[in-house]
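Numbering-wise, the sequence shown is residues 124 to 163 according to our numbering. Positions of the beta carbon are idealized from the N, C-alpha and C atoms, including for glycine. On a predicted model such as this, the values are computed, not experimentally measured, just so you know.
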Amino acid sequence: MKKIEAIIKPFKLDEVKEALQEAGLQGITVTEAKGFGRQK
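So this is what it looks like as structure tokens:
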């Protein structure tokens with residue numbers, strides 16, 4: 124078993140979900156993240 128974590132733009136979610144399903148992956152958890160890192 125392997126775990127994949129990815130941070131993607133919201134408008135890419137459908138495309139990524141379809142690609143994962145085509146690759147044979149069935150389980151997916153989606154969480155909305157807000158905020159940003161400290162700018163330099």
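Does DSSP put residue i in a helix, a strand or coil?
i       : result
Leu-148 : coil
Phe-159 : coil
Val-173 : Since the first residue of the chain shown is 124 and the last is 163, residue 173 is not available in this structure.
Ala-129 : coil
Under 8 angstroms by Cβ, that's how I've got residue i and residue j pegged, so tell me the actual separation to the nearest angstrom.
i       : j       : result
Val-139 : Ile-131 : 6 angstroms
With a threshold of 7 angstroms between beta-carbons, can residue i be considered close to chain D, or not?
i       : result
Glu-145 : The chain labelled as chain D is not found in the depicted structure, where only one protein chain is given.
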